[in-house]
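Asks: Top to bottom, those sequences are chains A and B.
Residue numbers for the first sequence follow my numbering, beginning at 422 and rising by one.
Residue numbers for the second sequence follow my numbering, beginning at 25 and rising by one.
Backbone N, C-alpha and C define an ideal beta-carbon position, used for all residues, glycine too.
What you are looking at is a predicted structure, and each value in this text was computed from that prediction instead of being measured.
Here it is, the structure, as structure tokens.
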Amino acid sequence: MTAQARTQDAAAAVAEPELSAQSELQGRFDDLIGADERIEPRDWMPEAYRKTLVRQIAQHAHSEIIGMQPEGNWITRAPSLRRKAILLAKVQDEAGHGLYLYAAAETLGVDRADLLDALHTGRQKYSSIFNYPTLTWADIGAIGWLVDGAAIINQIPLQRCSYGPYARAMVRICKEESFHQRQGFELLHDLAHGTPEQHAMAQDALDRWWWPSLMMFGPPDAESAHSAQSMAWRIKRHSNDELRQRFVDISVPQAEALGLRIPDPDLRWNEERGHHDFGVIDWTEFQEVLAGNGPCNRQRVASRVQAHEDGEWVREAALAYAAKHSDKGVAAA
Amino acid sequence: MTATTEASTGSASPASVAQYALQLGDDALILSHRLSEWCAHSPELEEDVALANLALDLLGQARTLLTYAGSLEGAGRSEDDLAFLRTEREFRNALLVEQPNGDFAVTIARQLYFATYQSELYAALCDSTDPELAALAAKAVKEVAYHRDHAVQWTLRLGDGTAESHRRMQAGLEQLWPYTAELFFLDPVATELVQQGIAVDPRTLRPAWEASVAGVIEAATLTVPADGWQPRGGRAGKHGEGFGLLLGEMQALHRQYPGASW
Numbered sequence: 422m423t424a425q426a427r428t429q430d431a432a433a434a435v436a437e438p439e440l441s442a443q444s445e446l447q448g449r450f451d452d453l454i455g456a457d458e459r460i461e462p463r464d465w466m467p468e469a470y471r472k473t474l475v476r477q478i479a480q481h482a483h484s485e486i487i488g489m490q491p492e493g494n495w496i497t498r499a500p501s502l503r504r505k506a507i508l509l510a511k512v513q514d515e516a517g518h519g520l521y522l523y524a525a526a527e528t529l530g531v532d533r534a535d536l537l538d539a540l541h542t543g544r545q546k547y548s549s550i551f552n553y554p555t556l557t558w559a560d561i562g563a564i565g566w567l568v569d570g571a572a573i574i575n576q577i578p579l580q581r582c583s584y585g586p587y588a589r590a591m592v593r594i595c596k597e598e599s600f601h602q603r604q605g606f607e608l609l610h611d612l613a614h615g616t617p618e619q620h621a622m623a624q625d626a627l628d629r630w631w632w633p634s635l636m637m638f639g640p641p642d643a644e645s646a647h648s649a650q651s652m653a654w655r656i657k658r659h660s661n662d663e664l665r666q667r668f669v670d671i672s673v674p675q676a677e678a679l680g681l682r683i684p685d686p687d688l689r690w691n692e693e694r695g696h697h698d699f700g701v702i703d704w705t706e707f708q709e710v711l712a713g714n715g716p717c718n719r720q721r722v723a724s725r726v727q728a729h730e731d732g733e734w735v736r737e738a739a740l741a742y743a744a745k746h747s748d749k750g751v752a753a754a
Numbered sequence: 025m026t027a028t029t030e031a032s033t034g035s036a037s038p039a040s041v042a043q044y045a046l047q048l049g050d051d052a053l054i055l056s057h058r059l060s061e062w063c064a065h066s067p068e069l070e071e072d073v074a075l076a077n078l079a080l081d082l083l084g085q086a087r088t089l090l091t092y093a094g095s096l097e098g099a100g101r102s103e104d105d106l107a108f109l110r111t112e113r114e115f116r117n118a119l120l121v122e123q124p125n126g127d128f129a130v131t132i133a134r135q136l137y138f139a140t141y142q143s144e145l146y147a148a149l150c151d152s153t154d155p156e157l158a159a160l161a162a163k164a165v166k167e168v169a170y171h172r173d174h175a176v177q178w179t180l181r182l183g184d185g186t187a188e189s190h191r192r193m194q195a196g197l198e199q200l201w202p203y204t205a206e207l208f209f210l211d212p213v214a215t216e217l218v219q220q221g222i223a224v225d226p227r228t229l230r231p232a233w234e235a236s237v238a239g240v241i242e243a244a245t246l247t248v249p250a251d252g253w254q255p256r257g258g259r260a261g262k263h264g265e266g267f268g269l270l271l272g273e274m275q276a277l278h279r280q281y282p283g284a285s286w
């Protein structure tokens with residue numbers, strides 16, 4: 422019986438099953454979650470679960486493609502050909518991550534074009550970190566080390582997320598992200614151990630990117646709107662504050678190895694807790710950036726919309742060609 | 025590699041081979057730069073991946089060729105010295121690769137012309153008596169086969185897509201056609217090396233190039249542009265006005281911190 426329910430077509434399930442059937446489906450879903458098994462696209466799932474995943478996966482995909490802008494800003498100016506190749510490959514990976522993630526979202530019955538429209542019209546968000554500008558070359562290192570580092574801490578638990586396609590996309594993405602993180606660290610290491618000007622450039626980047634990176638874990642647990650339900654559904658496995666603490670604890674010795682100073686006078690080891698204490702995050706800044714008032718929000722979205730609009734005739738041409746040259750298209754015409 | 029190979033390349037001046045490697049390397053470097061300008065601005069996400077991939081292949085070719093040129097010169101110049109510390113007049117790339125991206129059709133026209141040329145060039149260069157160039161060509165010929173295929177697929181789609189895409193693709197082909205002549209002109213550097221079996225005589229590549237490009241253009245329901253104005257000068261370091269701006273951007277950071285390593 423339950424096996425039957427599991428293979429039941431999701432579309433059929435939408436057709437308002439009777440109350441008993443509904444609760445049986447819900448029971449089956451709860452059992453799968455309880456047993457820490459994966460929910461697959463063909464499985465019945467509560468509408469709220471589906472919506473939460475669409476929101477989260479789309480936001481993740483949008484972050485990948487918006488994130489190409491601040492990094493792309495330095496490809497043409499990279500100071501060595503080796504660094505240029507590394508950066509180009511990294512930005513290419515990000516476009517690839519965007520592709521897998523949109524594909525994962527599409528398994529939930531949405532369309533990439535609609536998700537992009539939601540990004541372009543501001544109905545869906547992307548990670549706020551990308552609303553900060555890359556002012557110097559060292560920012561490329563800081564993004565790799567801190568931003569990708571924070572992303573990995575967020576994403577490693579997502580490899581065990583209850584939704585199968587998202588969990589699997591995350592396995593590949595995490596591997597590539599950890600590569601990017603090491604490259605960012607190495608870039609900063611070379612700067613920090615280079616000329617005094619290069620060292621200052623690296624320190625300045627850390628000064629500007631540290632606090633926004635801590636904000637990447639989202640608001641404090643007490644104020645996080647979606648956390649409790651996402652944890653119950655096993656989409657999320659650790660709280661925002663827990664992951665933030667892990668990031669700080671990992672980053673402190675790394676900053677020491679770089680010979681750079683983390684811009685937080687309250688940062689110190691707390692023997693009793695076995696963790697670093699750190700200063701108070703400026704959540705007003707976070708809320709402002711989230712509300713669209715960061716340094717680059719308008720520019721990022723405008724640039725994305727521009728690329729999309731400039732490319733419309735190309736996408737139309739590809740569709741027209743496909744219609745002309747497929748037998749189906751000919752038959753339908 | 026073998027005694028015969030060494031004997032046949034031994035009589036060519038290393039400075040000439042270095043100049044030839046610079047021509048090929050600068051072509052790859054500058055086109056890579058132009059393609060990388062598309063990053064995050066292309067018509068769809070798949071193209072962001074594809075164009076970055078093309079740029080990355082070309083950058084790899086450029087690095088091999090500039091490193092080789094530097095080693096032949098014997099003046100201790102690295103790939104970065106050659107990329108970041110030469111002036112406009114010292115670059116040896118053909119004018120075609122420095123042409124601005126324009127709309128997507130202009131970029132595709134440039135890709136179709138240049139990737140087809142590189143396919144023919146590298147296929148022939150696999151037989152170079154210079155083992156370094158032959159090895160580079162053997163690797164690159166596989167990469168540019170993909171570049172050419174990418175350009176062909178898009179030429180067909182744009183040419184035989186909508187009225188607007190047809191118009192734009194034809195305009196792109198027309199705009200860049202004049203710059204293709206330079207690719208097949210035998211310059212003084214290559215002349216000596218062709219006799220040694222080191223370089224490929226670019227004139228011999230033209231018939232296959234033309235047949236291939238014309239076949240694609242016609243299949244795409246487009247018209248092969250007519251010959252006319254044939255600008256040249258890139259191989260002699262006489263570039264367009266926009267080239268200085270390109271180098272200004274590419275070299276700014278490197279030049280800002282003389283002697284720093286990255």
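#1: Roughly how many angstroms lie between the CA atoms of B:Tyr146 and B:Gly84, to the nearest whole one?
#2: Classify A:Ala646: buried if its beta carbon has 16 or more other beta carbons within 10 angstroms, exposed otherwise.
#3: Determine the chain A residues that contact B:Ser95 at a beta-carbon separation under 7 Å, and present them in chain order.
#4: Is the CB-CB distance between B:Val121 and B:Ile54 below 7 Å?
#5: Examine chain B for any beta-carbon lying closer than 7 Å to the beta-carbon of A:Trp734, and answer yes or no.
#6: Which residues of the region 73–98 of chain B have a Cβ closer than 8 Å to any Cβ of chain A? Give them in chain order.
#7: How about A:Ile507 and A:Met637: do their beta carbons lie closer than 7 Å?
#8: Give the list of continuous beta strand (DSSP E) stretches no shorter than 3 residues that lie fully inside the region 199–267 of chain B.
#9: I think B:Gln135 touches B:Pro202, with their Cβ atoms under 8 Å apart; what is that distance to the nearest whole Å?
#10: With H, G and I counted as helix, E and B as strand and the rest as coil, what does DSSP make of A:Arg689?
#11: Check each residue of the region 475–501 of chain A: if its Cβ is closer than 7 Å to any Cβ of chain B, include it; give the result in chain order.
#12: Contact defined as beta carbons within less than 8 Å: I believe A:Gly493 pairs with B:Cys63. What is the distance between those atoms, to the nearest angstrom?
#13: Taking Cβ to Cβ, would you say B:Leu96 is nearer than 7 Å to B:Pro38?
#14: Which class does A:His647 belong to by DSSP, given the choice of helix, strand or coil?
#15: Step through the CB atoms of chain A and report whether any lies within less than 7 Å of the CB of B:Glu242.
#16: Can you tell me which residues form a DSSP beta bridge with A:Asp698?
#17: Which whole-angstrom value describes the C-beta separation of A:Gln545 and A:His483, a residue pair presumed to lie in contact below a C-beta threshold of 8 Å?
#18: I need the DSSP call for A:Ile577, collapsed to helix, strand or coil.
#19: Within a Cβ cutoff of 6 Å, which residues of the same chain sit near A:Tyr587, ignoring the five residues on either side of it in sequence?
#20: Taking only beta-carbon positions, decide if A:Arg758 is within less than 7 Å of chain B.
#21: Taking A:Met622 as part of the alpha helix (DSSP H), name the residues at either end of that continuous run.
#22: Quick one: which residues of the region 596–616 of chain A get their C-beta closer than 7 Å to a C-beta of chain B? List them in chain order.
#23: Is DSSP giving B:Tyr141 helix, strand or coil here?
#24: Quick one: which residues of the region 555–568 of chain A get their C-beta closer than 7 Å to a C-beta of chain B? List them in chain order.
#25: So A:Phe606 is in the alpha helix (DSSP H); what residue range does that whole segment cover?
#26: Give the interface partners of A:Ala739 over in chain B, defined as CB-CB distance under 7 Å, in chain order.
#27: Quick check on A:Ala499: buried or exposed, where buried means 16 or more other Cβ atoms within 10 Å of its Cβ?
#28: To the nearest angstrom, report how far apart B:Arg110 and B:Trp286 are at their CA atoms.
#29: Starting from the C-beta of A:His696, find all residues in its chain whose C-beta is less than 7 Å away, skip the five residues before and the five after it, and write them out in chain order.
#30: Residues in the region 232–264 of chain B with C-beta within 7 Å of chain A's C-beta atoms, listed in sequence order?
#31: What's the call for A:Val701, buried or exposed, on a 16-neighbour Cβ count within 10 Å?
#32: When the cut-off is 7 Å and only beta carbons count, does B:His65 lie next to chain A?
#33: Can we count A:Tyr742 as close to the ligand NAD, meaning its CB is less than 6 Å from some heavy atom?
#34: Rounded to the nearest angstrom, what separates B:Phe267 and B:Ala52 at their Cα positions?
#35: For A:Glu461 versus A:Gly585, is the C-beta spacing smaller than 7 Å?
#36: Would you mind sorting A:Arg463 into buried or exposed? The rule is 16 or more other CB atoms within 10 Å of its CB.
Replies: Reading off the structure:
#1: Taking the first residue of the second sequence as position 1, residue 146 of chain B is located at position 122. Taking the first residue of the second sequence as position 1, residue 84 of chain B is located at position 60. Straight-line Cα distance between these residues: approximately 15 Å.
#2: For the purposes of this step, residue 646 of chain A is taken as residue 225 along the first sequence, with counting starting at 1. So A:Ala646 counts as exposed.
#3: In the second sequence, counting from the first residue as 1, residue 95 of chain B sits at position 71. The contacting residues do not exist; B:Ser95 stays about 15 Å from chain A at best.
#4: The residue labelled residue 121 of chain B in the question sits at position 97 within the second sequence. The residue labelled residue 54 of chain B in the question sits at position 30 within the second sequence. Against a cut-off of 7 Å, the Cβ pair of B:Ile54 and B:Val121 comes out as a contact.
#5: By one-based count along the first sequence, residue 734 of chain A stands at place 313. So yes, A:Trp734 belongs to the interface.
#6: Val73, Ala76, Asn77, Ala79, Leu80, Leu83, Gly84, Ala86, Arg87, Leu90
#7: Within the first sequence, the letter at position 86 stands for residue 507 of chain A. Within the first sequence, the letter at position 216 stands for residue 637 of chain A. Not in contact: A:Ile507 and A:Met637 (Cβ atoms no closer than 7 Å).
#8: none
#9: By one-based count along the second sequence, residue 135 of chain B stands at place 111. By one-based count along the second sequence, residue 202 of chain B stands at place 178. That pair is no contact at about 17 Å.
#10: Residue 689 of chain A sits at position 268 when you count from the first residue of the first sequence. Note: A:Arg689 maps to strand in three-state DSSP.
#11: Ile486, Met489, Gln490, Gly493, Ile496, Thr497, Arg498, Pro500, Ser501
#12: In the first sequence, residue 493 of chain A corresponds to position 72, counting from 1. In the second sequence, residue 63 of chain B corresponds to position 39, counting from 1. At roughly 4 Å, the Cβ-Cβ gap stays under 8 Å, so A:Gly493 and B:Cys63 are in contact.
#13: For the purposes of this step, residue 96 of chain B is identified with residue 72 of the second sequence, where counting begins at 1. For the purposes of this step, residue 38 of chain B is identified with residue 14 of the second sequence, where counting begins at 1. The answer is yes: Cβ separation under 7 Å.
#14: Numbered from 1 along the first sequence, position 226 holds the residue referred to as residue 647 of chain A. Reduced to three states, the DSSP call for A:His647 is coil.
#15: What you label residue 242 of chain B is simply residue 218 of the second sequence in a count that begins at 1. Output row for B:Glu242: interface = no.
#16: Here residue 698 of chain A refers to the residue found at position 277 when the first sequence is read from its first residue. DSSP, once it has assigned bridges, lists A:Arg689 as partnering A:Asp698.
#17: Here residue 545 of chain A refers to the residue found at position 124 when the first sequence is read from its first residue. Here residue 483 of chain A refers to the residue found at position 62 when the first sequence is read from its first residue. About 6 Å separates the two Cβ atoms, so the contact holds.
#18: Residue mapping note: residue 577 of chain A aligns to position 156 of the first sequence, counting from 1. The answer is coil: DSSP assigns A:Ile577 none of H, G, I, E or B.
#19: Numbered from 1 along the first sequence, position 166 holds the residue referred to as residue 587 of chain A. Taken in chain order, the residues that qualify are Ile478, Ala525.
#20: Outside the modelled stretch of chain A, which goes from 422 to 754, sits residue 758 of chain A, for which no answer is possible.
#21: As a position in the first sequence, residue 622 of chain A is number 201, starting the count at 1. 617–636 is the span of the alpha helix (DSSP H), which, as asked, contains A:Met622.
#22: Asp611, Gly615, Thr616
#23: Looking up residue 141 of chain B in the second sequence gives position 117. Residue state, collapsed to three classes: helix.
#24: Trp558
#25: In the first sequence, residue 606 of chain A corresponds to position 185, counting from 1. Where A:Phe606 is concerned, the enclosing alpha helix (DSSP H) stretches over 585–613.
#26: As a position in the first sequence, residue 739 of chain A is number 318, starting the count at 1. Ordered by position in chain B, the residues that pass the 7 Å Cβ test against A:Ala739 are Arg181, Gly185.
#27: Residue 499 of chain A sits at position 78 when you count from the first residue of the first sequence. By the 10 Å Cβ count, A:Ala499 comes out buried.
#28: On the second sequence, residue 110 of chain B is found 86 positions in, with the first residue counted as 1. On the second sequence, residue 286 of chain B is found 262 positions in, with the first residue counted as 1. C-alpha separation (whole angstroms): 18 Å.
#29: For the purposes of this step, residue 696 of chain A is taken as the residue at position 275 of the first sequence. For A:His696, where only same-chain residues beyond five positions count, the Cβ hits under 7 Å are Gln666, Asp670.
#30: none
#31: Residue 701 of chain A sits at position 280 when you count from the first residue of the first sequence. So A:Val701 ends up on the exposed side.
#32: Here residue 65 of chain B corresponds to residue number 41 of the second sequence, with the count starting at 1. Answer yes: the Cβ-Cβ gap between B:His65 and chain A drops below 7 Å somewhere.
#33: This structure lacks the ligand NAD, and indeed carries no ligand of any kind.
#34: Here residue 267 of chain B corresponds to residue number 243 of the second sequence, with the count starting at 1. Here residue 52 of chain B corresponds to residue number 28 of the second sequence, with the count starting at 1. If I take the Cα positions, the gap works out to 15 Å.
#35: The residue you call residue 461 of chain A lines up with position 40 of the first sequence. The residue you call residue 585 of chain A lines up with position 164 of the first sequence. Their beta carbons are under 7 Å apart, which means A:Glu461 touches A:Gly585 by this criterion.
#36: Position 42 of the first sequence, counted from the start, is the residue given in the question as residue 463 of chain A. Exposed is the call here.
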